[in-house]
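Participant: Have a look at this one before I ask anything.
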Amino acid sequence: PYIGPTSMDAEMAFIMCSMAQVRPGQLVFDPYMGTGSIGVAVAHYGAFMAGADIDVRVVRNGRGGKDILTNFNHYKSTGRLAGLITADLNHHPFRQGLEEIFHSIIGDPPYGVRA
7 PYIGPTSMDA
17 EMAFIMCSMA
27 QVRPGQLVFD
37 PYMGTGSIGV
47 AVAHYGAFMA
57 GADIDVRVVR
67 NGRGGKDILT
77 NFNHYKSTGR
87 LAGLITADLN
97 HHPFRQGLEE
107 IFHSIIGDPP
117 YGVRA
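Numbering-wise (my numbering), the sequence shown opens with residue 7 and increments by one.
Written out as structure tokens, the structure is:
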């Protein structure tokens, strides 16, 4: 799998999905997608994942020949990945007045020296 220096532990991602009451068929958004740890947990619950990251290298290229799709392929959940965008969520890309498109927003904001 694709793991970076700030990848979240799988257990924590599952706990966050449980707290958000993620259910099959829902659409969940991770504004700080990174390596996709939360996304894989969301897919495990049967929901669809949309994600964003400010770093285009993370979204498009990954590291060492592996990227976010590598993780979804590894866990046989590629069909649960609704989409990825490169965006700075200080200025989100969603149009004004757009409401209730996501059932949950689950994120692990970047912090510390590794981010």
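Every residue, glycine too, gets a C-beta built ideally from N, C-alpha and C. All figures in this text were calculated on a predicted structure; none of them were measured in a lab.
Which residue marks the beginning of the alpha helix (DSSP H) containing PHE35, and which one marks its end?
Facilitator: Residue mapping note: residue 35 aligns to position 29 of the sequence shown, counting from 1. No alpha helix (DSSP H) contains PHE35, which is instead part of the beta strand (DSSP E) from 33-36.
Participant: Compare the C-alpha of MET52 against each of ILE74, ILE44 and ASP59 and name the closest.
Facilitator: Against the sequence shown, residue 52 aligns to sequence position 46. A small correction: the amino acid at residue 52 is Gly; Met does not occupy that position in the sequence shown. Checked all of ILE74, ILE44 and ASP59; the closest Cα to GLY52 is ILE44.
Participant: Would you kindly work out how many angstroms separate the C-alpha atoms of SER110 and GLY42, rounded to a whole number?
Facilitator: For the purposes of this step, residue 110 is taken as the residue at position 104 of the sequence shown. For the purposes of this step, residue 42 is taken as the residue at position 36 of the sequence shown. Approximately 16 Å, taken between the alpha carbons.
Participant: Quick check on DSSP: helix, strand or coil for THR76?
Facilitator: For the purposes of this step, residue 76 is taken as residue 70 along the sequence shown, with counting starting at 1. Helix at THR76.
Participant: Report the partner residues of GLN87 according to the DSSP bridge assignment.
Facilitator: Stepping through the sequence shown from its first residue, residue 87 is reached at position 81. Checking the sequence shown, residue 87 turns out to be Leu, not Gln. Note: LEU87 sits in a beta bridge opposite MET55.
Participant: What do you reckon, are the CB atoms on VAL65 and LEU87 nearer than 8 Å?
Facilitator: Position 59 of the sequence shown, counted from the start, is the residue given in the question as residue 65. Position 81 of the sequence shown, counted from the start, is the residue given in the question as residue 87. Their beta carbons are not under 8 Å apart, which means VAL65 does not touch LEU87 by this criterion.
Participant: Quick check on this structure: which residue in THR76, MET55, ILE21 and ALA93 has the alpha carbon closest to the alpha carbon of PHE35?
Facilitator: If you number the sequence shown from 1, residue 35 lands on position 29. Comparing Cα-Cα distances from PHE35 to each of THR76, MET55, ILE21 and ALA93, the minimum goes to MET55.
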